[in-house]
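In my numbering, the protein residues as written are 27 to 752.
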């Protein structure tokens, strides 16, 4: 930890250290007391009065407990489960003890706590109402009926825990409706949003989920504060603070059309530890926290009572000491470190989830393509629904890591969860398909602040709209400082992922390891962008010989993969290119011994201090990239642009292009001609210059023209302007 030694040195000169040693002595003294507490515990069987059996009940109710292994649960939660079983028989309720593995084909969540809610959603079709219970909830008053807590106006009924502001997710009543099934499934999938913190699993996550679902308009302001508390949570105090923060947004309201939250003390379950395992047969219905004290659990559980008060003081002292170490100096929050293997796993999961969505959108033939500007070659740069949906899903998964810097081609999507949900795949199934391969990746701890992830949710959008799906990829790249160390490229229309990790190798999602193809077996092809293949052909043949084939291709990810599989020798790009287009391919090529260089011979850098756009072109090979660069260094590859207008001329041209009068359009064409002459008459420079002029004009007009007049004349103006330069 940065400056930790200096902090400790300053602390040990303060009186606080005396408190620390005093509390350490108390710890040693009370170790035997704690052991005695555990040894004194004896298993107390609870006996019940026989309640009257209810026949002819109007509501169809099933009690469900979900466990990992039924036999183990019957040992660990014997009293609790037996009480529920007995109670259900007394009152003719169905009781199902469900092993989660039996629903593995339907509920693919990795976290058991979230998978339970998906299972309940699937079981609902078999019952009118379900009472979901944690395995450690016991019934202590069988005279009380479940119907007493059911309000038919609501689909889901939950309750506040007595001790804090937490809404319990370990037990709830749920009615078989479409809304409740969808609600529970969406909540189960919320595991993808868990931060790398003390998040409280489903209990903590439910509060953020509830706020975003029921109060989406509050996603700014206080809601962001609540989210920040959750992301930085380190203990129960932080977690409970987040939950109280969310409750301050929700307010005093407890009924939300289809969801009801019962007030403290009015629910059906109470935590048994609140009263040191004592309970009231008149007031209590169910108690939470009953687990058998077998030999293993004795070593882990301590009942709170007066004798270990000093132990509690010791723990508080340690927490206070930690606070002084990490916060008293004013440096803010401590640094967070992550396992690179975890970041890689989520990055691969993200690109595959995004790619599957891209494939689904393509099958629907509803791309909704729109122009978002011009490319460096003067063509419209398109944006489709597939871009936005894929981007939303990828960013959603990567939110697993708080403070992770993610650089994406698309900004945060404004699409709603309802629009996204049909394209959200079963993340558990996707994870299972790559888990075995990813588990082989070695672990490595990294400081999160040093990590950046570059994301391209849909590479080759233009080709995607033209149904040239062979070029389409979805990419993610992990950068440490300024070096790309991991890249993942997913081809959604071939269901293939290639990923490479520095010092480990390149492998496919099917487990095939990829080695560089021998030079003699590598195809003598140069892959270039489809938009300027002819402009570089003569230069390439001059350097590499007439036998070299120039192949136009779409998508930077696709072209990088052509180098990886040996079907091309060089990837050449002579205009500006954005780094989310290159990062994943660059990482894979570096892993194989190659690299991507700009056309000045420098390796690409990806730190936050570097510009996102590389304006110096690109030369990439899978081996000896510097040797190839030297061969090309004798010729001029990078296309340069001359500024064609004075500020006064520029202002006039902008005004003319906004006009609906044909004379103004004609004058704007004359000005464009003048600019092209200033750029030079040679091809392709003059053509490129005209494209840059038009791009700058239209970009500028988009920003200042509130009436959107430029779009009304876009086609006619562009046709006039480009007809002249061509």
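Glycine included, C-beta positions come from ideal geometry on N, C-alpha and C.
Through-space distance from residue j to residue i, alpha-carbon basis
| i | j | result |
| --- | --- | --- |
| residue 645 | residue 489 | 22 Å |
| residue 383 | residue 215 | 16 Å |
| residue 591 | residue 542 | 7 Å |
| residue 569 | residue 654 | 10 Å |
| residue 584 | residue 498 | 7 Å |
| residue 482 | residue 658 | 29 Å |
| residue 588 | residue 469 | 30 Å |
| residue 462 | residue 594 | 31 Å |
| residue 229 | residue 621 | 46 Å |
| residue 479 | residue 143 | 31 Å |
| residue 309 | residue 232 | 28 Å |
| residue 281 | residue 183 | 9 Å |
| residue 386 | residue 102 | 45 Å |
| residue 90 | residue 161 | 9 Å |
| residue 178 | residue 113 | 23 Å |
| residue 141 | residue 532 | 33 Å |
| residue 550 | residue 611 | 20 Å |
| residue 370 | residue 275 | 35 Å |
| residue 636 | residue 283 | 51 Å |
| residue 473 | residue 505 | 12 Å |
| residue 578 | residue 224 | 50 Å |
| residue 398 | residue 487 | Low local confidence applies: a pLDDT of 49 at residue 398 is under 50, so the model's placement there is unreliable, with the coordinate-based value given in what follows. Rounded to the nearest angstrom, the two C-alpha atoms are 12 Å apart. |
| residue 220 | residue 227 | 7 Å |
Residue i - DSSP class collapsed to helix/strand/coil
| i | result |
| --- | --- |
| residue 485 | strand |
| residue 648 | coil |
| residue 55 | For residue 55, the pLDDT reaches just 45, beneath the cut-off of 50, and the residue's location in the model is therefore unreliable, although a value from the coordinates is still provided. Helix, per DSSP. |
| residue 213 | helix |
| residue 579 | strand |
| residue 655 | helix |
| residue 307 | coil |
| residue 286 | strand |
| residue 571 | coil |
| residue 239 | helix |
| residue 470 | coil |
| residue 480 | strand |
| residue 622 | strand |
| residue 183 | strand |
| residue 409 | strand |
| residue 454 | helix |
| residue 157 | strand |
| residue 85 | coil |
| residue 281 | strand |
Beta-carbon separation (whole angstroms), residue i vs residue j, contact threshold 8 Å
| i | j | result |
| --- | --- | --- |
| residue 200 | residue 181 | 7 Å |
| residue 618 | residue 537 | Rounded, the Cβ-Cβ distance is 18 Å, inconsistent with contact. |
| residue 456 | residue 523 | Actually they are not in contact, since the Cβ atoms of residue 456 and residue 523 sit about 10 Å apart, beyond 8 Å. |
| residue 516 | residue 553 | So it is not a contact: roughly 19 Å between Cβ atoms. |
| residue 173 | residue 428 | With 8 Å as the limit, residue 173 and residue 428 do not qualify as a contact, their Cβ atoms being about 43 Å apart. |
| residue 86 | residue 154 | 4 Å |
| residue 188 | residue 291 | 6 Å |
| residue 633 | residue 508 | 4 Å |
| residue 218 | residue 422 | 6 Å |
Of the listed residues the options, nearest to residue i (C-alpha basis)
| i | options | result |
| --- | --- | --- |
| residue 513 | 502, 519 and 522 | 502 |
| residue 607 | 596, 473 and 484 | 484 |
| residue 609 | 624, 242 and 600 | 624 |
| residue 616 | 630, 605 and 262 | 630 |
| residue 277 | 240, 305 and 636 | 240 |
| residue 168 | 237, 306, 250 and 272 | 306 |
| residue 521 | 272, 213 and 379 | 379 |
| residue 105 | 317, 577 and 224 | 317 |
| residue 412 | 211, 165, 296 and 518 | 518 |
| residue 582 | 599, 139 and 131 | 599 |
| residue 432 | 446, 417, 206 and 166 | 417 |
| residue 93 | 110, 124, 119 and 115 | 124 |
| residue 627 | 288, 210 and 647 | 647 |
Beta-bridge partners of residue i, as assigned by DSSP
| i | result |
| --- | --- |
| residue 165 | 312 |
| residue 296 | 313 |
| residue 700 | None, per the DSSP bridge assignment. |
| residue 514 | 502 and 525 |
| residue 597 | 553 and 646 |
| residue 125 | 93 |
| residue 415 | Paired residues: none, contrary to the question. |
| residue 640 | 603 |
Residue i at chain C interface by Cβ criterion, 9 Å
| i | result |
| --- | --- |
| residue 481 | Checking the listed chains, one finds no chain C in this structure; it contains a single protein chain. |
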